[in-house]
Amino acid sequence: MSSEKNYSFNQKVLMRHNLNSKYAIIGLGTFGNSLAQRLVAHQKYVMAVDKDIDQIEIIKNVVTEAVSFDATNIKLLHKMGITEADVVIISIGDDFKSTEFIALELLQSEVPHVYVTVQSSQEEKILKKIGVTRCINTEIWAAQHLGDTISAETLPVNR
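Rendered as structure tokens:
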């Protein structure tokens with residue numbers, strides 16, 4: 000679905016909805032899809048990207064824009080306007096080589112905020128070295144959030 004049309008962030012949509020920040024999410028698995036929905040709920044301009052057209056079909060009526068292409072294609076990354084985003088979240092699962100490649104290109108293109116999901120402390124260390132804004136290990140993050148949530152609750156004791 001990578002046509003000749005430039006899908007860069009639509010300025011008319013931004014102005015009409017009074018949206019200032021532009022978010023792009025690369026990778027629409029469980030995390031990326033949920034994050035996209037959450038950002039839209041907070042009235043953010045969200046461009047969703049995945050090379051799997053089925054993932055685009057699922058989210059296209061929720062987000063501002065949804066495009067299917069391989070984000071490791073540098074020309075398309077620029078042409079589709081991802082490098083114009085204020086915030087890019089890369090969540091493409093266990094393909095660390097692609098994650099690192101995309102993150103590096105976004106940073107070289109001066110995207111102000113690049114967030115990346117990681118699966119190990121080694122991946123986090125590498126990505127922090129190249130300058131990503133924040134690395135998110137979703138399992139650790141979820142465990143910490145759940146721990147904070149349940150420790151703050153008063154739970155009934157049934158014995």
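Heads up: the sequence shown begins at 0 in numbering that gives the first Met the number 0, then just goes up one per residue.
Beta carbons: idealized from backbone N, C-alpha and C, even for Gly.
This one's a predicted model, so the numbers in the text were calculated from it and none came from an experiment.
Beta strand (DSSP E) segment containing residue i, residue limits
{"i": "D49", "result": "44–49"}
{"i": "R117", "result": "Looking at the sequence itself, residue 117 is Val, so the reference to Arg does not match. Where V117 is concerned, the enclosing beta strand (DSSP E) stretches over 112–117."}
{"i": "N136", "result": "133–136"}
Cα-Cα separation, residue i to residue j
{"i": "T137", "j": "K74", "result": "30 Å"}
{"i": "G28", "j": "G92", "result": "8 Å"}
{"i": "Y6", "j": "K59", "result": "Low local confidence applies: a pLDDT of 48 at Y6 is under 50, so the model's placement there is unreliable, with the coordinate-based value given in what follows. Their backbone Cα atoms lie some 14 Å apart in a straight line."}
{"i": "K21", "j": "M46", "result": "8 Å"}
{"i": "T132", "j": "S90", "result": "14 Å"}
{"i": "G130", "j": "K96", "result": "16 Å"}
Closer than 8 Å: residue i CB and nearest the ligand MG heavy atom
{"i": "E83", "result": "The ligand MG is not part of the structure shown, which contains no ligands of any sort."}
Cβ-Cβ distance between residue i and residue j below 9 Å
{"i": "Q54", "j": "N72", "result": "no"}
{"i": "A23", "j": "I88", "result": "yes"}
{"i": "L126", "j": "V117", "result": "yes"}
Start-to-end residues for the alpha helix (DSSP H) that takes in residue i
{"i": "S120", "result": "120–129"}
With 16 other Cβ atoms within 10 Å as the buried cut-off, status of residue i
{"i": "G26", "result": "buried"}
{"i": "S119", "result": "exposed"}
{"i": "A84", "result": "buried"}
{"i": "K128", "result": "exposed"}
{"i": "L145", "result": "exposed"}
{"i": "D147", "result": "exposed"}
Per DSSP, the bridge partner or partners of residue i
{"i": "E64", "result": "M46"}
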